[in-house]
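Number of protein chains: 2
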Amino acid sequence: MSLNKTITIKDVATKANVSVGTVSRVLNNAKNINPDNIKRVNEAVKDLGYRKCSAAQLLGSKKNHSKIRTGNIGFVFAELTSVWQGHPHLEHYSKAVEKACREHGCHAIIEWADNTKQGELPTCVLEGKVDGVIVMGTNVDYSKYGNLPLVGISKTSAEIQCVVPDDRSAGRTVAEYLWNKGHRRISYMCNSSSNMMFISRFHGYKEFLEQMQSFDPDLVKMYNEHIQFDQPQTSFPDMTLPLKELLDLPESKRPTAIITANDWTAAGLYAAFRQQEVSVAEQISVVGFDNLEALCCSLFPALTSYAIPFKQVAYTAAQKLFAQLENPPDENISSTELIKGKIVERESVRTIKS
Amino acid sequence: MSLNKTITIKDVATKANVSVGTVSRVLNNAKNINPDNIKRVNEAVKDLGYRKCSAAQLLGSKKNHSKIRTGNIGFVFAELTSVWQGHPHLEHYSKAVEKACREHGCHAIIEWADNTKQGELPTCVLEGKVDGVIVMGTNVDYSKYGNLPLVGISKTSAEIQCVVPDDRSAGRTVAEYLWNKGHRRISYMCNSSSNMMFISRFHGYKEFLEQMQSFDPDLVKMYNEHIQFDQPQTSFPDMTLPLKELLDLPESKRPTAIITANDWTAAGLYAAFRQQEVSVAEQISVVGFDNLEALCCSLFPALTSYAIPFKQVAYTAAQKLFAQLENPPDENISSTELIKGKIVERESVRTIKS
DNA sequence: CTGAAAGCGCTTACAG
DNA sequence: CTGAAAGCGCTTACAG
Chain A
7 MSLNKTITIK DVATKANVSV GTVSRVLNNA KNINPDNIKR VNEAVKDLGY
57 RKCSAAQLLG SKKNHSKIRT GNIGFVFAEL TSVWQGHPHL EHYSKAVEKA
107 CREHGCHAII EWADNTKQGE LPTCVLEGKV DGVIVMGTNV DYSKYGNLPL
157 VGISKTSAEI QCVVPDDRSA GRTVAEYLWN KGHRRISYMC NSSSNMMFIS
207 RFHGYKEFLE QMQSFDPDLV KMYNEHIQFD QPQTSFPDMT LPLKELLDLP
257 ESKRPTAIIT ANDWTAAGLY AAFRQQEVSV AEQISVVGFD NLEALCCSLF
307 PALTSYAIPF KQVAYTAAQK LFAQLENPPD ENISSTELIK GKIVERESVR
357 TIKS
Chain B
7 MSLNKTITIK DVATKANVSV GTVSRVLNNA KNINPDNIKR VNEAVKDLGY
57 RKCSAAQLLG SKKNHSKIRT GNIGFVFAEL TSVWQGHPHL EHYSKAVEKA
107 CREHGCHAII EWADNTKQGE LPTCVLEGKV DGVIVMGTNV DYSKYGNLPL
157 VGISKTSAEI QCVVPDDRSA GRTVAEYLWN KGHRRISYMC NSSSNMMFIS
207 RFHGYKEFLE QMQSFDPDLV KMYNEHIQFD QPQTSFPDMT LPLKELLDLP
257 ESKRPTAIIT ANDWTAAGLY AAFRQQEVSV AEQISVVGFD NLEALCCSLF
307 PALTSYAIPF KQVAYTAAQK LFAQLENPPD ENISSTELIK GKIVERESVR
357 TIKS
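Here the protein sequences come in this chain order: A and B. Yeah, the first sequence ends on 360 if you go by our numbering, and it's all consecutive. Yeah, the second sequence ends on 360 if you go by our numbering, and it's all consecutive.
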């Protein structure tokens, strides 16, 4: 008999012999309702198998300032195509966003750069599928997004809310860590001098060593390898040359520790070490960044690395986005939040006794 | 100036100097519209930064019985909460679905069981966010979904389209593989006799051995450990007892190879072996199912395993769902497609020369 | 080809 | 404590 007709709040009201207003109030747990009505409404809901239509609910509550329309937020990898999907730190990002969404009764739409035309907005935005976005990318033009609620997680900007890893502090922390282990000649190596994160880490490192009056430009090896962002790296960078330059330094200047801009570079360095028959930790200590578990542990000796707080960054970003969506506009001032991580100690650093 | 007021279709209409109806028609690419109006509407949309409210759109189109076109498909883990997120084979599923979506210019909404009330539909369905769903779960009641386009990927049903791994063939293939390596007494071990996949694998195994007139019930060790689906397993099953029963068999009946219902069980078996000082491969060969790369390779000797074709299953399922959405209804007959995987050889199987 | 208008299912002042 | 009613932003017959 069921004509498959949708059961609405009206049907419930009729059956419970109250007005739709009352049903709505019961459904939303309002205060001060006749217990008798509550009971009858709940019974009617059950009998009828009523389920609310959230589209209508959203619409109805539009009168207040909530900007939630779709109940979806977008997580966009603005510069990376989906060939990167599955890379550990990126997974951390998207999982943290999905978690926050679950907690807010929303859904996440993950979008890679695959279908985005040069200079265009991601399609989930163009198609109006999301109420706001979290954008990852170091070169994003945020202004493009107009007044869409937005949080950036890798490029900072004074215009919008950002949550980014504190790379400068990370660089500083690692340098200080090595210093405290007795190292005095600490090198920094980097294979992409145009990478903002790598630069920030370098600045933190430099800052600390300058403070200790131990910064030595000869120990900095930054060169610029062209990194393809539309293709994940499949091989470690070749660090033979920069390593050789360091080893060719006079004994008294040669570093006792090397900080690499990330774990991948460290892995490349390990290979160069093997070639030069230098043993890690014993002869030269190494610390990386990212703390890619599988990579760090597969190296021998296992690589000590600074864990960039990917999850926290994305989770915090999502919280801020929801705040933008749920709070009155004037409560949302643009701001940049820097999130610190921590060093995960493994076996690649030796303590130097003085 | 802008009081941050939401820009609606009405604003666009005013600016473009047409009615809201016309704006709506332009936005939905209706036929027969004055090109001039199209142009003005599009300009107004752009100038105003208008974005449609999909909640309102859904509500508005409620009147007809046509299918809602959100451009999203749902991938629902009907019985698993998000604590399972990140497990390798599940990731394969969702990634393959996302890939198919990208190819169709759509988006995927992944939903875990966290927010689903007992017996209810997933919220992405309740909220009308998706045009169809792919459902994973061995106990799903598909009828609940009404006439929503649907593909099942773990429980088969005559009513709907399904794409599932061919577990029976997998069991058969592994038994045959061992047979061809010279094994004649092949055991099957399983720690959850209520798991449909495990049963199917068993049936395939049994079928082959019966055909070879070598099926021996004493070599089958199936017991039923209660498996919590709301919590991923954190420890391997304890296989000490069933192994002991096998080892206590008279020499002439003792198996030379054991098939375990999955890789986790194999890992538990390895532990039991160590305790009993039996060496894998050398004394007893082992083959698992799932081919969990990290697990198989971390065992010693590395575990040979049947790779369940997770990716293909999910990808094929997504294709079928899109076919349902894009083709006339009568072209979509319910059917079940079984997908075969293959054995990935490592070091846990010895060849027996006769 | 287009406008005016009804209606989708809810929420929420407002007036008792 | 509750009902009547306006309104959320769209879609879609309907009548030109």
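Ideal placement from N, C-alpha and C gives every residue a C-beta, glycine not left out.
Assuming residue i and residue j form a contact by the criterion Cβ under 8 Å, report the distance between their Cβ atoms to the nearest whole angstrom.
i      : j      : result
Q330/B : G77/B  : With a Cβ gap of about 15 Å, Q330/B and G77/B do not count as contacting.
N43/B  : V32/B  : 7 Å
L156/A : I166/A : 5 Å
I159/B : A323/B : 5 Å
T342/B : V170/B : 7 Å
V18/A  : A50/A  : 5 Å
P248/A : K227/A : 4 Å
If we define contact as Cβ-Cβ less than 8 Å, is residue i a contact residue for chain A?
i      : result
H95/B  : no
D173/B : no
F316/B : no
S88/B  : yes
R31/B  : no
G138/B : no
I265/B : no
A61/B  : yes
R280/B : no
Q91/B  : yes
R352/B : no
K73/B  : With a pLDDT of only 45 at K73/B, under the threshold of 50, the placement of this residue in the model should not be trusted; the figure read from the coordinates follows. By this cut-off, K73/B is not an interface position.
R57/B  : yes
K105/B : yes
Kindly indicate which residue of the options has the alpha-carbon position closest to the one of residue i.
i      : options                        : result
T262/B : D269/B, V292/B, F306/B, L247/B : V292/B
I192/B : V180/B, M203/B, N201/B         : V180/B
G80/A  : R174/A, C130/A, T20/A, G143/A  : C130/A
E188/A : I15/A, R356/A, T14/A           : In the sequence under discussion, the amino acid at residue 188/A is Gly, which differs from the Glu named in the question. Out of I15/A, R356/A, T14/A, R356/A has the C-alpha closest to the C-alpha of G188/A.
E97/A  : L96/B, Y99/B, G92/B            : G92/B
V89/B  : Q219/B, A273/B, K101/B, A119/B : A119/B
F328/A : K348/A, D53/A, I140/A          : I140/A
Q239/B : T271/B, L252/B, Y99/B, Q219/B  : T271/B
N301/A : P94/A, L253/A, V146/A, N230/A  : Checking the displayed sequence, the identity of residue 301/A turns out to be Leu instead of Asn. Checking every option, the nearest Cα to that of L301/A belongs to P94/A.
S360/B : D244/B, R190/B, A36/B          : R190/B
A344/B : N40/B, G27/B, D172/B, G111/B   : Per the sequence shown, the amino acid found at residue 344/B is Leu instead of Ala. Nearest of N40/B, G27/B, D172/B, G111/B to L344/B, Cα basis: D172/B.
Q217/A : P243/A, L252/A, E283/A, R178/A : R178/A
F221/A : E182/A, L253/A, S304/A         : E182/A
Q281/A : K250/A, S258/A, L255/A, R260/A : K250/A
Y321/A : E133/A, N38/A, Y99/A, Y148/A   : Y99/A
N201/A : T28/A, I265/A, G143/A, V29/A   : G143/A
For a cutoff of 8 Å on Cβ pairs, would you count residue i as touching chain B?
i      : result
C130/A : yes
T76/A  : yes
A102/A : no
A4/A   : Nothing about residue 4/A can be read from this structure; chain A reaches only from 7 to 360.
N153/A : yes
L64/A  : yes
K123/A : no
K135/A : yes
A308/A : no
G143/A : no
K16/A  : no
S304/A : no
H113/A : yes
V26/A  : no
I116/A : yes
S340/A : no
S8/A   : At S8/A, the pLDDT of 34 sits below 50, so the modelled position is not reliable; the number obtained from the coordinates is stated separately. By this cut-off, S8/A is not an interface position.
- Message: Taking 8 Å as the cut-off, does the region 89 to 106 of chain A touch the region 123 to 137 of chain A (at least 3 CB pairs, one atom from each stretch)?
- Response: Counting C-beta pairs with one atom in each stretch, the region 123 to 137 of chain A and the region 89 to 106 of chain A have fewer than three that are closer than 8 Å, which means they do not touch.
- Task: Could you pull out every unbroken beta strand (DSSP E) segment of at least 3 residues lying fully inside the region 206 to 288 of chain A, listed in chain order?
- Result: As far as the region 206 to 288 of chain A is concerned, its whole beta strand (DSSP E) runs of at least 3 residues are 226 to 228, 263 to 266.
- Count the C-beta pairs between the region 293 to 301 of chain A and the region 310 to 330 of chain A that are closer than 8 Å, then say yes if the count reaches three, no if not. Segments in contact, yes.
- Item | Three CB pairs or more closer than 8 Å across the region 48 to 64 of chain A and the region 198 to 211 of chain A | The region 48 to 64 of chain A, when compared against the region 198 to 211 of chain A, does not touch it at the 8 Å Cβ threshold.
- beta strand (DSSP E) segments (min. 3 residues) lying fully within the region 102 to 146 of chain A: Restricting attention to beta strand (DSSP E) runs no shorter than 3 residues, the region 102 to 146 of chain A encloses them at 113 to 117, 138 to 142, ordered along the chain.
- Item | Ordered list of beta strand (DSSP E) runs contained in the region 158 to 197 of chain B, each at least 3 residues | Taking only runs of at least 3 residues, the beta strand (DSSP E) segments lying wholly in the region 158 to 197 of chain B are 167 to 171, 192 to 196.
- Query: Can we say the region 40 to 60 of chain B touches the region 82 to 89 of chain B, given the rule of at least three CB pairs closer than 8 Å?
  - Reply: At 8 Å Cβ cutoff, the stretches do not touch.
- 3 or more residues per run - each beta strand (DSSP E) lying fully within the region 29 to 104 of chain A: At a cut-off of 3 residues, the continuous stretches assigned as beta strand (DSSP E) that sit fully inside the region 29 to 104 of chain A are 78 to 83.
- Query: Fully enclosed by the region 320 to 359 of chain B, which alpha helix (DSSP H) runs are 4 residues long or longer?
  - Reply: Within the region 320 to 359 of chain B, no complete alpha helix (DSSP H) run reaches 4 residues.
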